[in-house]
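Visitor:
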Amino acid sequence: MASLPFSATIRPIFKHYNRPQASQIKAQSCRDEGTSNNNVDANLGVLRERIEQIKMKKKLERCYECKLYGWSYGSRYKYKVKREMEISQLFEVVSLGASTLAFTFHTATLCLSLVSLFVHLIYGF
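Its first residue numbered 71, the sequence shown is counted upward by one per residue in the working numbering.
Right, here's the structure in full:
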């Protein structure tokens with residue numbers, strides 16, 4: 071055995087039949103279920119209470135904001151800002167259209183002037 075190479079002396083071990091292992095099942099008693107339900111109910115109660123506190127805090131902040139700045143219809147929607155933005159967009163579109171039209175007229179005038187100049191140079195009218 072000493073003359074054999076080291077890799078030949080180790081034989082791999084194969085299992086011909088792999089039996090599936092049984093899954094572990096835990097049984098719970100009714101006592102455990104009751105305490106876990108009580109914990110869940112207690113946690114839900116705390117969560118509901120916290121949600122109510124946050125809602126009340128937001129409502130009070132809104133009321134304080136109205137008293138501080140006077141009556142407002144909400145800071146999310148401002149009619150003046152929207153109207154000014156629409157007017158500026160309208161002027162932008164009108165100026166873009168007018169500049170396009172002016173560029174077209176100036177280009178056509180330049181082309182006609184160049185053609186007229188070449189005709190006068192060639193024929194000498």
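All C-beta atoms, glycine included, are put in the ideal place defined by N, C-alpha and C.
Which value, in whole angstroms, describes the spacing of the CA atoms of lysine 48 and valine 116?
Guide: This structure leaves residue 48 out entirely; the chain is present only between 71 and 195.
Visitor: From threonine 170 to cysteine 133, what does the alpha carbon distance come to, in whole angstroms?
Guide: Working through the sequence shown from its first residue, we reach residue 170 at position 100. Working through the sequence shown from its first residue, we reach residue 133 at position 63. Using only the alpha carbons, I get a separation of about 51 Å.
Visitor: Straight-line CA distance for leucine 160 to threonine 179?
Guide: Numbered from its first residue, the sequence shown carries residue 160 at position 90. Numbered from its first residue, the sequence shown carries residue 179 at position 109. Taking the straight line joining both Cα atoms gives about 29 Å.
Visitor: When the Cα atoms are used, what is the spatial distance from leucine 130 to glutamine 123?
Guide: Within the sequence shown, numbered from 1, the residue matching residue 130 stands at position 60. Within the sequence shown, numbered from 1, the residue matching residue 123 stands at position 53. Going from the Cα of leucine 130 to the Cα of glutamine 123 covers about 11 Å.
Visitor: What's the gap between the Cα of threonine 174 and the Cα of glycine 194?
Guide: Position 104 of the sequence shown, counting from 1, holds the residue named residue 174. Position 124 of the sequence shown, counting from 1, holds the residue named residue 194. Approximately 29 Å, taken between the alpha carbons.
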